[in-house]
Amino acid sequence: MRCSAACSTDGDTERARPAPRGRSSVSLATDVQHPELKEIRGPAAVGGGARRFFDLLWLTALTQFKLGYHGTVLGFFWSLLRPLLLFSVLLAVFTQVFRFGDEIENYAGMLLLNIMLYGLFQDATSAAVQSVVQNESVVRKMQFPRLVIPLAVVLTTMMQFSLNLVVVFVIIIATGVQPVWTWVLLPLIIAALLLLTTTVSMLLSALFVRVRDVAIIWAVLATVLFYASPILYPIEIAPDGFRDIVALNPLTPLFEQAREWIIDPNAPGAMEAVAGNELLLIVPVALYVAICVAGVWFFAREAPRVAEEL
57 MRCSAACSTD
67 GDTERARPAP
77 RGRSSVSLAT
87 DVQHPELKEI
97 RGPAAVGGGA
107 RRFFDLLWLT
117 ALTQFKLGYH
127 GTVLGFFWSL
137 LRPLLLFSVL
147 LAVFTQVFRF
157 GDEIENYAGM
167 LLLNIMLYGL
177 FQDATSAAVQ
187 SVVQNESVVR
197 KMQFPRLVIP
207 LAVVLTTMMQ
217 FSLNLVVVFV
227 IIIATGVQPV
237 WTWVLLPLII
247 AALLLLTTTV
257 SMLLSALFVR
267 VRDVAIIWAV
277 LATVLFYASP
287 ILYPIEIAPD
297 GFRDIVALNP
307 LTPLFEQARE
317 WIIDPNAPGA
327 MEAVAGNELL
337 LIVPVALYVA
347 ICVAGVWFFA
357 REAPRVAEEL
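All residue numbers for the sequence shown refer to my numbering, where the first residue is 57 and numbers rise by one.
Right under this line is the structure:
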């Protein structure tokens, strides 16, 4: 019994003995191994896990969509009013002043559709140019797929475009365009345009990290591209020398095919517009593929080093 009591007393004394100075007697949390944060390199800097990637992409795009016109009186309707105002001005100029649009079947419908399609491309790419730099604090402090940043910009623009497209089709029908079955093919054109828009956005956002002049250069090029695309006019009425230049534009086949499928089934499509000179179709398709490949390759190369370059 004495031994038991002594042992018990010794055990209590041992348990009650204070911890050495500088060490807590309450917790041994410092002994727990924490996972080490690793720098994002390689494919993880571009994508990452599919579930994590798409959840983050959707949340980011949805947040940008909600905050896009926060504090304005008209809110989201500005995204529709801007192209409609441009459409109204151009339609008045080319039909009332120059009398140019009167010679083209369903010119108003063609003009509105082309403005909306090009608006998707221009708005997304212009907003994506500075997107990575604008998120500098997040890029420096957090580990996440860098690809989310430009893709979220494109997805936000696509949300606005999708809602506006409903109103656009109502106006197109009101201008006298008759619905045809080829309207269901419009998603093919939008998908091709969206792929080009996404890869150009990736390329520009990565370039801007290194060269800040890219934003100004692209603003000028986007304006030039607007007039060098068959948006205000169908390609078949352009002067011969200028027509060949416009035909080399990667956007030209998309606008020409959209006109045939949506506005005027009798209008020449992408193939008929360059009949007799297949090179004028091969070159823009080759440029389209080259731009897409270059955008993906350059962003994948630069993504792991973005935080260092900022």
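Idealized CB from N, CA, C, for every residue including glycine.
- Thr279 is classed as exposed because its beta carbon has fewer than 16 other beta carbons within 10 Å across all chains shown.
- For Arg361 and Arg266, the gap between their C-alpha atoms comes out near 11 angstroms.
- Within the segment 296-343, the alpha helix (DSSP H) runs of at least 4 residues that lie entirely inside it are, in chain order, 296-303, 308-314 and 326-329.
- Here the alpha carbon of Leu307 sits roughly 12 angstroms from the alpha carbon of Leu336.
- Boundaries of the alpha helix (DSSP H) around Met214: Val204 to Ala230.
- In this structure, Ile338 keeps its C-beta atom at 8 angstroms or more from the C-beta atom of Leu252.
- Phe177 and Lys197 have their alpha carbons spaced roughly 31 angstroms apart.
- Rounded to whole angstroms, the gap between the alpha carbons of Asn220 and Val233 is 18 angstroms.
- By the neighbour-count criterion, in which 16 or more other beta carbons inside 10 Å mark a residue as buried, Asp296 falls on the exposed side.
- Counting along the chain, the unbroken alpha helix (DSSP H) around Tyr174 starts and ends at Tyr163 to Ala184.
- Inter-residue distance for Leu137 and Val302 is about 28 angstroms (C-alpha atoms, whole angstroms).
- Shortest Cα-Cα distance from Leu249 to any of Phe200, Glu312 and Val194 involves Glu312.
- For Arg196, the uninterrupted alpha helix (DSSP H) run begins and ends at Glu192 to Lys197, by DSSP.
- Between Val204 and Ala184, the gap from beta carbon to beta carbon reaches 8 angstroms or more.
- In this structure, the beta-carbon distance from Thr255 to Gly175 does not fall below 8 angstroms.
- Your pair Leu142 and Ile171 checks out as a contact, with CB atoms roughly 6 angstroms apart and the cut at 8 angstroms.
- Assigned with DSSP and collapsed to three states, Asp269 falls in coil, not helix or strand.
- By the 16-neighbour rule on beta-carbons within 10 angstroms, Gln216 is buried.
- Of the other Cβ atoms in all chains shown, fewer than 16 fall within 10 Å of the Cβ of Asp111; this residue is therefore exposed.
- In the three-state scheme derived from DSSP, where H, G and I count as helix and E and B as strand, Gly105 is classed as coil.
- In terms of Cβ geometry, Leu169 and Ile293 do not form a close pair [threshold 8 angstroms].
- Going by beta carbons, Thr151 and Tyr163 fall inside the 8 angstroms limit.
- In this structure Ile229 is exposed. Its beta-carbon is surrounded by fewer than 16 other beta-carbon atoms within 10 angstroms.
- Remark: C-beta atoms of Met166 and Arg299 do not approach each other more closely than 8 angstroms.
- In this structure Ala117 is buried. Its beta-carbon is surrounded by 16 or more other beta-carbon atoms within 10 angstroms.
- Residues Ala208, Val209 and Thr212 of the same chain have their beta carbon placed closer than 8 angstroms to that of Gln120, with the five preceding and five following residues left out of the count.
- In the structure shown, Gln234 falls within a coil segment according to DSSP collapsed to helix, strand and coil.
- Within the model, the alpha-carbon separation for Val189 versus Phe264 is close to 8 angstroms.
- Annotated as proximal: Ala329 and Ile291, with beta-carbon spacing under 8 angstroms.
- Each residue's CA atom was taken as its position, placing Val226 and Ala262 some 38 angstroms apart.
- Secondary structure note for Ala148: its alpha helix (DSSP H) is the uninterrupted segment Trp134 to Ala148.
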